[in-house]
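S.K.: If you read the sequence shown in our numbering, its first letter stands for residue 2, the second for the next number, and so on.
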Amino acid sequence: MAVAIKVHDQPTKDLEEQTTKTLEVEEAFDYSKRSQWLRAAVLGANDGLLSTAALMMGVGAVKKDNKTMILTGIAGLVAGACSMAIGEFVSVYSQYDTEMEQIKRESLHGNITKAELEAKKKKVPSPLMAAAASAFMFAIGAVVPLLAAAFVMDYHVRLAVVVGAVSFALIGFGGLSAMLGKAPMVKSILRVLVGGWLAMGITFGLTKLVGSTGL
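1) Ile190: buried (16+ other C-beta within 10 angstroms of its C-beta) or exposed?
2) Examine chain C for any beta-carbon lying closer than 8 angstroms to the beta-carbon of Gly74, and answer yes or no.
3) Over what stretch of residues does the alpha helix (DSSP H) that includes Phe152 continue unbroken?
4) Closer than 8 angstroms by C-beta to Pro146: which residues in its own chain qualify, once you throw out the five before and the five after it? Chain order, please.
5) So, at 7 angstroms on beta carbons, what are the nonlocal neighbours of Ile71 in its own chain, with the 5 sequence-adjacent residues on each side left out?
6) What first and last residue would you give for the alpha helix (DSSP H) that runs through Thr214?
7) Please check the pair Leu44 and Ser135, which I expect to be a contact at CB under 8 angstroms, by giving their CB distance rounded to whole angstroms.
8) Tell me whether Ala91 is buried or exposed, calling it buried when 16 or more other Cβ atoms sit within 10 Å of its Cβ.
9) If distances are taken between C-alpha atoms only, which option among Lys68, Ala46, Asn47 comes closest to Asp155?
10) Please list the terminal residues of the continuous alpha helix (DSSP H) segment that includes Ser178.
11) Leaving out five residues before and five after Met101 in sequence, what residues of the same chain have Cβ atoms less than 7 angstroms from its Cβ?
12) Rounding to the nearest angstrom, what Cα-Cα distance links Ile104 and Ser127 in this structure?
13) Could you say which of Asp48, Thr208, Gly176 lies nearest to Leu78 if we only look at CA atoms?
14) Report all residues from its chain with a CB closer than 7 angstroms to the CB of Ala62; omit the five preceding and five following residues, and keep chain order.
15) What three-state label does DSSP hand Lys209 in the structure shown?
16) Mind checking whether Leu171 and Gly202 have CB atoms under 8 angstroms apart?
See the structure below:
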């Protein structure tokens, strides 16, 4: 009887050990490193997509030629990527300085072990990584409306193609953000999509209104 119990208990023990190891691996995975670049990348991509598309739509409200719209989009891409990189670098560097000073104070007071010190240093955000991710993803997002408008000569069709391409890209970015951040998929997509439509619509409408006054 005792032997039978021992035989049947072994698979259960193996399963418990495997489950424990899996949980330990999940707990050991440091999501802070992912969040360092993920936040900057998602923000940069959405900003590049929306700001460039809205800028092109605004210019398209008063200028119907393709060249003007494309040049405006390129200028928006370059200026926006530089602005995002510099802004992200300055912002994250301030956070970096604050966290490093806190680590130094804890080290001087002897309230932290060497292993804990190294672990905390690894979690400190990288300003260069955040700046590079933000600028690169801004450019990736800005390329979408540029490519959509580049090969369409008809004015009305061009505007429709830009809106359609940007909408599909917003759905993709919203879904990717939800998947990586483990957020509700539908809510995330709708939030990004509706926000993008509002940005393009308001920019187009206000520019059209101002342009109609003859300024």
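Backbone N, C-alpha and C define an ideal beta-carbon position, used for all residues, glycine too. These numbers were taken from a predicted model, which means no experiment stands behind them.
M.R.: So, from the data block:
1) Around the CB of Ile190, 16 or more other CB atoms lie within 10 Å, so the residue is classed as buried.
2) Going by chain labels, chain C is absent from the structure shown, which holds only one protein chain.
3) From DSSP, Phe152 is part of no alpha helix (DSSP H); its letter is neither H nor E.
4) For Pro146, where only same-chain residues beyond five positions count, the Cβ hits under 8 angstroms are Leu50, Thr53, Ala54, Met57, Gly74, Val163, Ala166, Val167.
5) Excluding sequence neighbours, Ile71 sits near Leu147, Ala150, Ala151.
6) Note, Thr214: premise wrong, no alpha helix (DSSP H); not H, not E.
7) The pair is a contact, with the Cβ atoms about 7 angstroms apart (cut-off 8 angstroms).
8) Before going on, a small fix: residue 91 reads as Val here, not Ala. Val91 comes out exposed.
9) When C-alpha distances from Asp155 are compared across Lys68, Ala46, Asn47, the shortest belongs to Lys68.
10) Secondary structure note for Ser178: its alpha helix (DSSP H) is the uninterrupted segment 156 to 182.
11) The answer, listed in chain order, is Val125.
12) For Ile104 and Ser127, the distance between alpha carbons rounds to 15 angstroms.
13) Nearest C-alpha to Leu78: Asp48.
14) Closer than 7 angstroms at the Cβ level, and outside the excluded window around Ala62, lie Phe205, Thr208, Lys209, Gly212.
15) Three-state result, Lys209: helix.
16) Contact flag unset, no.
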